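Mapping of the sequence shown onto this note's numbering: residues 218 to 608, in sequence order.
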Amino acid sequence: MTSRRSTLITGVGELLTCDDTHEGGALAPLSDAAVVVEDGVIAWVGPRADAPTTTDAKVDLDGRALVPGFVDSHAHLVFAGDRAAEFAARMAGESYDGGGIGVTVAATRGASDDDLRTLLAARVAEMRAQGTTTVEIKSGYGLTVADEARALRLAREVTPETTYLGAHVVPAEYRDDRAGYVALVTGEMLTACAPHARWIDVFCEPASPHAFTEDESREVLRAGIAAGLLPRVHGNQLGAGPGVRLAVEVGAASVDHCTFLGADDVAALAGSDTVATLLPGVEFSTRSPYPEAGALLDAGVSIALATDCNPGTCYSSSIPFFIALAVREMGLTPAQAVHAATAGGAKALRRNDIGRIAIGARADLTVLDAPSHQHLAYRPGVPIARVLDLS
Ligand code: NIG
Ligand code: FE
């Protein structure tokens, strides 16, 4: 017989549940709160004075704030090499059209499994050190049957949230045969990748000669759905386009970027279950306009905040920095930004066991070296967030 291990967490300066079912509201900070964790699951949340005291262990946070572990619902972590020179050229005036992805594809194809595994582990550790407890990881820098399947196999070693992105760009060897590449992505490559993936994604961006049109994207998503994968979409990143509407049409859990939205896109999102995942690190690193996140919330759209950590448009793994950007540039309050990076990310991954501090949820908790969640935006670039280790 195994015994249950319980821990009482006290000294919580402020607790933000981000739990939409919480009676006081998801964003009402609790003061003088306590949490009991039992075998990795939250067993009790409430006022310190009412907390059970018979736990096996006790942890005192000494006035620090506690938030749900960050849920980074959009990242591309399986790659080799970097594109610092491309970034510098962009800061000097070049624009981004997705063409640089081919540089990373070449470097990634040339890397060994062990090299990629080491790079991936370092990136996941970097995220965890900044408070992230769940990460979604996409393929998309292999673009052959074997290289895409390998990326997903490696990603599966570190997260269940793996996404098949064979339709990231049309690789150089298929430049004159786009239809042939879509057939590969929806055929042999899908068969090899589906066992290692939960999601299917496509870079739907008719404005880029490298990415996929609306019809190609629909074909890719429908094939993935038929193979048992759940859809998500890269859309409306480089300009107005069909990505958001297509995402809503196929019932995607999320449409990501949403840099350029029209009123019809906002209305479609508001009437759907599709989350708009905002990636302010991309706007920052490509010098693009920030979407108006506050206006999306006002319109009734569900939003998530994620890093999009990748070597091209945003080589940063820092959810805290993007919370600061979302507050400074996108019209969110600090609490709304934290909610988007926790409960929002969980919704974008169709998970309700993460992203909130509530009875029955996983005890994925992030502690701040600060008395309130507001400090995440107030102290940009300062490493105040870390995962609470209860082991
Ligand atoms: O989310 N938009 C497509 N994919 C990535 C960029 C990948 C790259 O440039 O390497 C993104 O921005
Ligand atoms: Fe992306």
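Beta carbons: idealized from backbone N, C-alpha and C, even for Gly.
Predicted, not measured: the structure shown is a model, and the values here were computed from it.
In terms of residues, what are the limits of the beta strand (DSSP E) holding HIS451? 450-452
Mind listing, in chain order, the residues whose beta carbon lies closer than 6 Å to a non-hydrogen atom of ligand 2? HIS291, HIS293, HIS451, ASP525, ASN527
Ligand 1 heavy atoms versus the CB of PHE420: any closer than 6 Å? yes
Is it buried or exposed for SER471, if we count other Cβ within 10 angstroms and need 16 for buried? buried
Measuring CB atoms only, is the stretch 240-250 touching the stretch 551-564, in the sense that at least three cross pairs come out at less than 8 Å? yes
Same chain only: Cβ atoms within 8 Å of SER502, ignoring 5 sequence neighbours per side: So the list reads PHE304, ARG307, THR530, CYS531, TYR532, SER533, once near-sequence residues are dropped.
Bridge-paired residues (DSSP) for ALA292: CYS526
In terms of residue numbering, what span does the alpha helix (DSSP H) encompassing VAL420 cover? It is Phe, not Val, that sits at residue 420 in the sequence shown. No alpha helix (DSSP H) holds PHE420; the beta strand (DSSP E) holding it covers 416-421.
Nearest-angstrom Cβ-Cβ length linking LEU496 and ASP473, presumed shorter than 8 Å: 6 Å
Helix, strand or coil, according to DSSP, for ALA268 in the structure here? coil
Measuring only the C-alpha atoms, how far is THR491 from SER329? 37 Å
Counting contacts by CB-CB distance shorter than 7 Å, is LEU496 in contact with chain C? Absence of chain C from the displayed structure is noted, only one protein chain being present.
Residues that GLY263 bridges to, as DSSP identifies them: ALA251
Check whether the Cβ of VAL387 lies closer than 6 Å to any heavy atom of ligand 1, and answer yes or no. Not under cutoff, so the answer is no.
Is the separation between the beta-carbon of ALA578 and that of ILE259 shorter than 7 Å? Contact annotation: ALA578 and ILE259 have beta-carbon atoms nearer than 7 Å.
Between VAL254 and ligand 1, is there a pair consisting of the residue's CB and a ligand heavy atom that are separated by less than 6 Å? False, no ligand heavy atom lies under 6 Å from that Cβ.
According to DSSP, is LEU495 helix, strand or coil? Here LEU495 carries a strand assignment [DSSP, helix/strand/coil].
Any idea which residues DSSP pairs THR379 with across the strands? ILE354
Residue closest to ARG573, alpha-carbon to alpha-carbon, out of ALA274, GLU255, LEU283: LEU283
Span separating the alpha-carbon of ILE226 from that of VAL253: 6 Å
Among the candidates PRO412, PRO423, VAL450, whose CA atom is the shortest distance from the CA of ALA444? PRO412
Within 10 Å of its beta-carbon, does GLU378 have 16 or more other beta-carbons around it, so buried, or fewer, so exposed? buried
Any non-hydrogen atom of ligand 1 within 6 Å of ILE259 CB: Outside the cutoff, so no.
Alpha-carbon to alpha-carbon, LYS564 and LEU232: 21 Å
Where do the ends of the beta strand (DSSP E) carrying GLU390 lie? It is not in any beta strand (DSSP E) - GLU390 carries neither H nor E in the DSSP assignment.
From the DSSP output, read off the bridge partner residues of THR349. PHE287
Length of the line joining the Cα atoms of ASP267 and ALA512: ASP267 and ALA512: Cα-Cα distance of roughly 39 Å.
For a test of the three-state rule: what should DSSP assign to CYS475, helix, strand or coil? coil
Could you give the distance in angstroms between the alpha-carbon of ASP332 and the alpha-carbon of GLU390? 25 Å
In chain order, what residues of the same chain have a beta carbon less than 8 Å from the beta carbon of GLY452, not counting five sequence neighbours either side? CYS421, GLU422, GLY458, PRO459, GLY460, VAL461, LEU463, ALA464, VAL472, ASP473, HIS474, CYS475
Would you call the CB atoms of ILE417 and TYR358 closer than 7 Å? no
Cα-Cα separation between THR430 and TYR398, rounded to whole angstroms: Just so you know, the alpha carbons of THR430 and TYR398 end up roughly 13 Å apart.
Determine the direct distance from the alpha carbon of GLU374 to that of MET218, and round the result to whole angstroms. Low per-residue confidence applies at MET218: pLDDT is 43, beneath 50, and the placement is therefore not dependable, though the value from the model is reported in the following sentence. Near 30 Å, if we compare the C-alpha coordinates of GLU374 and MET218.
Relative to ligand 1, is the shortest distance from any of its heavy atoms to the C-beta of ILE354 smaller than 6 Å? no
Report the three-state DSSP secondary structure of GLY441 (helix, strand or coil). helix
Name the DSSP beta bridge partners of SER223, please? GLU255
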